[in-house]
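Below: one structure, written as structure tokens.
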Amino acid sequence: MRVAVVGLGGVGGYICAYLAKTQHKLVGFARGTHLDVIQTQGIKILEDALSWSVQFDARTLEEADGIFDCVLFCVKSYDLETSYAKIAPFINEKTILLSFANGVSNGDVLRKISQSVVLDGCVYILSHQEKAGVIRKKGKVFAAVFGGDTEAMIRVKELFDAAGLRNKTPLDIKKEIWKKYIFISAFATLTTYYDMSIRRVYETHPEVCEKLLKEIAEVAAVQGIDIFDEVTKAMETASALPKDASTSMHLDFQNNKRDELESLSGYIVQESQKRGVSIPLMQEMYKTLFPRHRS
């Protein structure tokens, strides 16, 4: 397959580095100094005690050409539609589109603007761009989770298998995405609201954590997704994290960068209003954070 990875940050850079080891035709898309370093030196991956580099075809989206069989969007949710618009001339109705951005509506966003085959998905990984051309992954956790169209799902699974990247193809992909989302949505909101790490929020405001998680589960429930069991699991996960571990949205607010408030907090508020669900805690936190939001 001819594969495009759009966005070479913590998620996309890591995935692209492994895909570069396969026989598939790969193009990675990035910009700025990060792209400059990748083009001249390759991308460097730091994980556990390992340090390795790999080179591949890296460009800006403005330099895209040909037709891609598969496009993996590894950009933030607020960049998804813009990124799609730039690569749209280089896909067709058979192209497989898969977004790994945070949120539960990314697949729906792509289906509204594209006639291509869209899979839903998410990824479990703790990684970030340490500096230009360098991606650091913490711990051993990695799993790409995706599903939808059976034929497309099999092709993407074969792609990840060839790269040696752990992947899961659950029958109920919507529920799997919500299971990740409930944790991210709650603790991105909480860490940013209280300006604390995940574990610190859990230790100092456990009842608030539980209430917010339950509100998110209520919104999922009216969409036919039962994730109430994830409330306790999310609390357990938060209690076991390193003391300084926080969320990317919290860090974005601290550094006055564009953030994912709308996809991680605003989406829950909007869905609750459309479906008549009472979520006073999330509404209050969203209202408080919105004036500092950078879209």
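Under this note's numbering, the first residue of the sequence shown is numbered 12, with each subsequent residue one higher. Glycine is no exception: its CB is placed at the ideal position from the N, C-alpha and C atoms.
Judged by DSSP secondary structure, glutamate 247 falls within the alpha helix (DSSP H) whose first and last residues are 240–251.
DSSP places serine 110 in the strand class (E or B) of the three-state scheme.
Here the alpha carbon of serine 283 sits roughly 46 Å from the alpha carbon of serine 64.
Isoleucine 188 sits in a helix when the DSSP states are folded into three classes. Non-local beta-carbon contacts of aspartate 160 in its own chain, meaning distances under 6 Å to residues more than five positions away in sequence, involve Val128 in chain order. Secondary-structure assignment with DSSP links isoleucine 56 through a beta bridge to Trp63 and Ile146. In the structure shown, glutamine 294 adopts helical secondary structure according to DSSP, grouped into three states. If the five residues before and after glutamate 141 are omitted, its C-beta is found closer than 8 Å to the C-beta atoms of Leu57 and Arg147, all from its own chain and listed in chain order. Comparing alpha-carbon positions, the option among Arg286, Met246 and Glu187 lying closest to isoleucine 236 turns out to be Glu187. Taking isoleucine 184 as reference, the option from Lys149, Ile238 and Tyr204 with the minimal CA-CA separation is Ile238. Nearest neighbour of leucine 19 by Cα position, chosen from Cys27, Met12 and Arg13, turns out to be Cys27.
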